[in-house]
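S.K.: The listed protein sequences correspond, in order, to chains U and L. Position one of the first sequence corresponds to residue 1 (our numbering), numbered consecutively onward. Position one of the second sequence corresponds to residue 1001 (our numbering), numbered consecutively onward.
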Amino acid sequence: MADIDEQQLFDSILELIKTTSTVIPDDVQKVILEGLAREEKNTTAEYAMNIIKSNIEIAKKKIQPLCQDTGTIIFYVDVPKGFVQSDFKKVCEKAVVKATELGYLRQNSVDTLTGENKGMNIGPGHPSIHFHEHDKDHLDMRLMLKGGGCENVGAQYAMPYNALNAGRDLEGVRKVILDAVQKAQGKGCGPGVLGVCVGGDRGSGYTHSKEQLFRKLDDTNEISQLAELEQDIVQTANKLGIGPMGFGGRTTLLGCKIGTLNRLPASYYVSISYMCWAYRRQGVNLKTSGEINKWLY
Amino acid sequence: MKKLNYPFKKEDMLDLKVGDMVLITGKLFTGRDAVHKRIHDGQKPPVDLKDQIIYHCGPVVLEKDGKYEVKAAGPTTSIREEPYQWEVMRDYGIIGVIGKGGMGPKTLKGCKDYGCVYLHAIGGAAQVLAEKIKSVDNVYWEDLGSPEAIWELSVEEFPVVVTMDAHGNSLHEKVEQDSDEVLKGLL
Chain U
1 MADIDEQQLF DSILELIKTT STVIPDDVQK VILEGLAREE KNTTAEYAMN IIKSNIEIAK
61 KKIQPLCQDT GTIIFYVDVP KGFVQSDFKK VCEKAVVKAT ELGYLRQNSV DTLTGENKGM
121 NIGPGHPSIH FHEHDKDHLD MRLMLKGGGC ENVGAQYAMP YNALNAGRDL EGVRKVILDA
181 VQKAQGKGCG PGVLGVCVGG DRGSGYTHSK EQLFRKLDDT NEISQLAELE QDIVQTANKL
241 GIGPMGFGGR TTLLGCKIGT LNRLPASYYV SISYMCWAYR RQGVNLKTSG EINKWLY
Chain L
1001 MKKLNYPFKK EDMLDLKVGD MVLITGKLFT GRDAVHKRIH DGQKPPVDLK DQIIYHCGPV
1061 VLEKDGKYEV KAAGPTTSIR EEPYQWEVMR DYGIIGVIGK GGMGPKTLKG CKDYGCVYLH
1121 AIGGAAQVLA EKIKSVDNVY WEDLGSPEAI WELSVEEFPV VVTMDAHGNS LHEKVEQDSD
1181 EVLKGLL
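1. Less than 8 angstroms separating the beta-carbons of L/Gly1026 and L/Val1155?
2. Just the C-alpha distance for L/Met1190 and U/Asn285, rounded to the nearest angstrom, thanks.
3. Does U/Ser12 pass the burial test, meaning 16 or more other C-beta atoms within 10 Å, or should it be called exposed?
4. Given that a residue counts as buried once 16 or more other Cβ atoms are within 10 Å of its Cβ, and exposed if not, what is U/Leu264?
5. So, does the CB of L/His1172 fall closer than 8 angstroms to a CB anywhere in chain U?
6. Please report how far the alpha carbon of U/Cys67 lies from the alpha carbon of U/Ile292, in whole angstroms.
7. Step through the CB atoms of chain L and report whether any lies within less than 8 angstroms of the CB of U/Asp169.
8. Taking C-alpha atoms, which residue in L/Thr1107, L/Gly1066, L/Pro1059 lies nearest to L/Cys1116?
9. Alpha carbon to alpha carbon, what distance is there between L/His1172 and U/Glu6?
10. Taking beta-carbon pairs under 8 angstroms, can you tell me which members of the segment 138-164 of chain U lie near chain L?
11. If you reduce the DSSP assignment to three classes, tell me which class L/Pro1147 lands in.
12. If contact means a Cβ-Cβ distance below 7 angstroms, which residues of the segment 222-246 of chain U contact chain L?
13. List, in order along the chain, the chain U residues whose C-beta lies closer than 7 angstroms to that of L/Lys1071?
14. Taking three-plus beta-carbon pairs below 8 angstroms as touching, is the segment 256-273 of chain U in contact with the segment 208-228 of chain U?
15. Could one say the Cβ of U/Ile258 lies closer than 8 angstroms to chain L's Cβ atoms, at least one of them?
16. Quick one: is U/Pro127 buried, meaning 16 or more other Cβ sit within 10 Å of its Cβ, or exposed?
17. So which residues on chain L does U/Ile51 lean against when the C-beta distance must stay under 8 angstroms?
18. So that I know if they touch, is there some Cβ in chain L lying closer than 8 angstroms to that of U/Ile17?
19. Quick check: U/Ile242 and U/Leu178, are their CB atoms within less than 8 angstroms of each other?
20. Give a yes or no on whether 8 angstroms exceeds the smallest Cβ distance from L/Lys1100 to chain U.
21. Just reading off the alpha helix (DSSP H) that U/Cys92 is part of, what are its end residues?
22. Can L/Asp1033 and L/Arg1080 be called in contact, C-beta distance under 8 angstroms?
23. Taking the runs of the alpha helix (DSSP H) that are 4 residues or longer, which of them lie wholly in the segment 1091-1133 of chain L?
24. Between which two residues does the beta strand (DSSP E) holding U/Asn285 run?
25. Can you name the residues of chain U whose CB is closer than 7 angstroms to the CB of L/Ser1179?
26. Taking CB distances under 8 angstroms as the criterion, tell me whether L/Glu1131 reaches chain U.
27. Which of the three DSSP states is assigned to U/Arg215 in this structure?
28. Does the Cβ-Cβ distance between U/Gly199 and U/Leu261 come in under 8 angstroms?
Written as structure tokens, this is what we have:
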């Protein structure tokens, strides 16, 4: 880790932010195009999906943000032993400021009490950086830009959830996830993807639900019960007729990813994070110098 | 495909029905959370909003050689303005609201009482929509921060779908009721 070049690391982080903000990952683009093909011709649903398709093409070509809400900036960084996190944080903040100046990020960080926006995307909690130590000698960095509209329709249920007669089992979990989809309607810029955590506490549950969104959409859950539930949620949600933007239609969800954490005997949370169709997540594997070695999505 | 051209007229708005796809050419004013809150708290808007369209949008704008350039400009979620929107119709005479996700019963009643429509832009489509913005003509209340300021924009063939009309119809209300029925059968 001593080999890492600060300028090189800065360039790599800036490149990661730029690509995350402007280019939709291949696995997401694939399900969006499938959604477009599924919609009935000459409907507002098809119209919405066609505009989404054009938007993806223009953003990539012009290297401009897919969505003007460039969201909460959430980094997940796998680091070698002995890595100095505070040094990384400083470089990361510089790259965020630069990306904001260049228009890859909106001036999106507001002091909650005063309403002041310093225009740099830096402040308490911004950007959000999660470090994890691994036994390799290089860095892996993942980034998610999660917009406010989809974050607002996230939900957390404490089970049993009596309004739906939903108990502490996967049948109950299914009920509350579908309830969250129904309540979200088109407000989270659907068709979207759900990241779900069953278990944990209120804080870890939401965090883990977002971590599920780092999974590739075409992967298969190793736990067969959860793999089945993930498929069932998507199929069932797509029968609800909410459709793209809530206009009515056949594509309400593009995916669902579910993980678990242990819980206390007293608690059983289902935490649901909704990701909009403008699913901005990318990752890079870095050489020990800090240069990008390969892209992860 | 229907068209709305500036200067906008109330009669044109009354002609629109839920489900109409519309291309707008003319002037839009952005206004989102902080603008609505400030107007609700008693400040007069810095521009005459009579017969104008307000756009729930916090764009990415860069300043270059004293000129503003819009880099991304899709709609933001409208429901947060539900407590305030009808007042802006009543007090300042707006006849169109562009946003995403739809709005609730207060706004629907406001649309009917004051002859206004809710026009749904495609959420997340910041590039398609930014390309329809031909110029940034002015900015007001910049002290609210760039995403929250009032940007005066000229647009050409800006694509929207009418999801709440001036006759009491809401696509959002209908889709929510229908999907709720379907869900009950699936749980």
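In this text, a Cβ means the ideal position worked out from N, Cα and C, and glycines have one as well. Please read these numbers as outputs of a predicted model, since none were measured by experiment.
M.R.: Working from what's here:
1. Counted from its first residue, the second sequence places residue 1026 of chain L at position 26. Counted from its first residue, the second sequence places residue 1155 of chain L at position 155. The answer is yes: Cβ separation under 8 angstroms.
2. Past the boundaries of the shown model lies residue 1190 of chain L; chain L is included only from 1001 to 1187, so the question cannot be answered.
3. The residue given as residue 12 of chain U occupies position 12 in the first sequence. When all chains shown are included, U/Ser12 counts as buried.
4. Here residue 264 of chain U refers to the residue found at position 264 when the first sequence is read from its first residue. Around the beta carbon of U/Leu264, fewer than 16 other beta carbons lie within 10 angstroms, which makes this residue exposed.
5. Taking the first residue of the second sequence as position 1, residue 1172 of chain L is located at position 172. Closer than 8 angstroms: yes.
6. Looking up residue 67 of chain U in the first sequence gives position 67. Looking up residue 292 of chain U in the first sequence gives position 292. Distance between the alpha carbons of U/Cys67 and U/Ile292 is about 25 angstroms.
7. Translated into the one-based positions of the first sequence, residue 169 of chain U becomes position 169. Cβ-Cβ to chain L under 8 angstroms: no for U/Asp169.
8. Taking the second sequence and counting its residues from 1, one reaches residue 1116 of chain L at position 116. Out of L/Thr1107, L/Gly1066, L/Pro1059, L/Thr1107 has the C-alpha closest to the C-alpha of L/Cys1116.
9. In the first sequence, the residue the question calls residue 6 of chain U occupies position 6. In the second sequence, the residue the question calls residue 1172 of chain L occupies position 172. Between U/Glu6 and L/His1172, the C-alpha separation is close to 51 angstroms.
10. Gly147, Gly148, Gly149, Asn152, Leu164
11. Residue mapping note: residue 1147 of chain L aligns to position 147 of the second sequence, counting from 1. In the structure shown, L/Pro1147 sits in a helix (DSSP, three-state: H, G or I).
12. Thr236, Lys239, Leu240, Gly241, Ile242, Met245, Gly246
13. As a working note, residue 1071 of chain L is residue 71 in the second sequence. Those within 7 angstroms of L/Lys1071 in chain U are Gln64, Pro65, Gly103.
14. yes
15. Numbered from its first residue, the first sequence carries residue 258 of chain U at position 258. No, U/Ile258 lies away from the interface with chain L (no Cβ there is under 8 angstroms from its Cβ).
16. The residue you call residue 127 of chain U lines up with position 127 of the first sequence. With 16 or more Cβ atoms within 10 Å of its Cβ, U/Pro127 is classed as buried.
17. By 1-based counting over the first sequence, the position of residue 51 of chain U is 51. Those within 8 angstroms of U/Ile51 in chain L are Ile1122, Ala1125, Val1128, Pro1159.
18. Here the question's residue 17 of chain U lines up with position 17 in the first sequence. So no, U/Ile17 is outside the interface.
19. Stepping through the first sequence from its first residue, residue 242 of chain U is reached at position 242. Stepping through the first sequence from its first residue, residue 178 of chain U is reached at position 178. No, Cβ-Cβ distance for U/Ile242 and U/Leu178 is not below 8 angstroms.
20. Position 100 of the second sequence, counted from the start, is the residue given in the question as residue 1100 of chain L. For L/Lys1100, the answer is yes, since a Cβ of chain U falls inside 8 angstroms of its Cβ.
21. Counted from its first residue, the first sequence places residue 92 of chain U at position 92. 85-101 is the extent of the alpha helix (DSSP H) around U/Cys92.
22. The sequence position of residue 1033 of chain L within the second sequence is 33, counting from 1. The sequence position of residue 1080 of chain L within the second sequence is 80, counting from 1. In this structure, L/Arg1080 lies closer than 8 angstroms to L/Asp1033 by Cβ.
23. 1105-1114, 1126-1131
24. As a first step, residue 285 of chain U is located in the first sequence; it is residue number 285 there, counting from the start. First-last of the beta strand (DSSP E) with U/Asn285: 280-286.
25. Here residue 1179 of chain L refers to the residue found at position 179 of the second sequence. Going along chain U in sequence order, the residues near L/Ser1179 (Cβ under 7 angstroms) are Gln182, Leu240, Gly241, Ile242.
26. Translated into positions along the second sequence, residue 1131 of chain L becomes position 131. L/Glu1131 counts as touching chain U.
27. Within the first sequence, numbered from 1, the residue matching residue 215 of chain U stands at position 215. Coil.
28. For the purposes of this step, residue 199 of chain U is taken as the residue at position 199 of the first sequence. For the purposes of this step, residue 261 of chain U is taken as the residue at position 261 of the first sequence. Cβ distance < 8 angstroms, so U/Gly199 and U/Leu261 count as in contact.
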